[in-house]
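Trainee: Quick one: structure below, then a few questions.
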Amino acid sequence: MTLEAAEVMEKLKDKKAEYEAIASSDSSVHIDVIDNRIITEVLGPERYGRVRFQGSFVNPSQFFGSSSQQYMPSGSRAEAKVQRLRDQMARMQATTIEQITQLKAEATSREAEVQKRYEELQLQLKADAAAREAEVQRKYEELQQQLKVDAAAREAEAAAREVQAKAREAEAVNGEVKIRWCAGAWNHSQIIK
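If you want it as structure tokens, here you go:
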């Protein structure tokens with residue numbers, strides 16, 4: 008044992024005797040926590056992640072195994088618990104941020120889908136309106152054409168009636184001419200007689 012270790016052991020014995028004297032006269036001091044207090048007073052507070060008296064590269068899980076929490080001083084356990092809670096909060100915060108990001112992405116995706124459907128509907132409505140307008144225009148032009156055909160047919164009928172009327176008039180005139188001629192010839196024959 009080195010001189011420094013012997014001095015530490017001597018300080019530990021002195022402190023233990025001092026605390027035992029206090030514990031015998033004061034009922035508020037518990038014997039089961041005296042050892043931790045003595046070690047902390049003599050050697051300083053426990054450093055998280057180290058095992059006292061085992062060297063600087065030995066951590067609790069290497070020395071004690073997976074249940075190292077039970078051998079840690081209460082201060083170190085509290086620090087470990089605080090660290091676990093901080094880690095848990097960080098994970099929860101990361102999860103929440105991830106969920107918010109995912110919800111925003113879903114909302115953006117839904118908004119884009121709604122916008123796309125709206126634009127498709129607008130195009131469909133415009134196409135339907137253009138088709139209806141083209142159909143109305145086609146029917147209008149057909150009606151105009153039919154009206155022109157009907158008007159031309161009526162004009163042709165009127166022209167035909169006019170031709171018939173003129174033909175009857177010509178026949179009448181021709182008949183009158185014949186009658187006159189015949190009458191003239193008859194008169195002429197009478198004159199000659």
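Everything in the sequence shown is counted per the numbering used here, starting at 8 for the first residue and increasing by one.
All C-beta atoms in this analysis are idealised placements derived from N, C-alpha and C, irrespective of residue type, glycine included.
Computed from a predicted model, the values in this text were never measured in an experiment.
1) Does E105 have its Cβ less than 8 Å from a Cβ in chain D?
2) Taking D21 as part of the alpha helix (DSSP H), name the residues at either end of that continuous run.
3) Below 8 Å on the Cβ atoms is my contact criterion, and I expect E48 with K22 to pass it. Report the Cβ-Cβ distance as a whole number of Å.
4) Tell me whether Y26 is buried or exposed, calling it buried when 16 or more other Cβ atoms sit within 10 Å of its Cβ.
5) Here's the rule: buried if 16 or more other CB atoms are within 10 angstroms of the residue's CB, otherwise exposed. What is S32?
6) Beta-carbon within less than 6 Å of S181's beta-carbon, same chain only, minus the 5 sequence neighbours each way: which residues are those?
7) For K123 and K133, I'd like the C-alpha separation in whole angstroms.
8) Measuring CA to CA, which of M16, E17, A138, R44 is closest to I29?
9) By how many angstroms is the C-alpha of A179 removed from the C-alpha of D157?
Mentor: In brief:
1) In summary, chain D is missing from the structure at hand, where a single protein chain is found.
2) 10 to 32
3) 6 Å
4) buried
5) exposed
6) A small correction: the amino acid at residue 181 is Asn; Ser does not occupy that position in the sequence shown. No residues qualify anywhere along the chain.
7) 15 Å
8) R44
9) 32 Å
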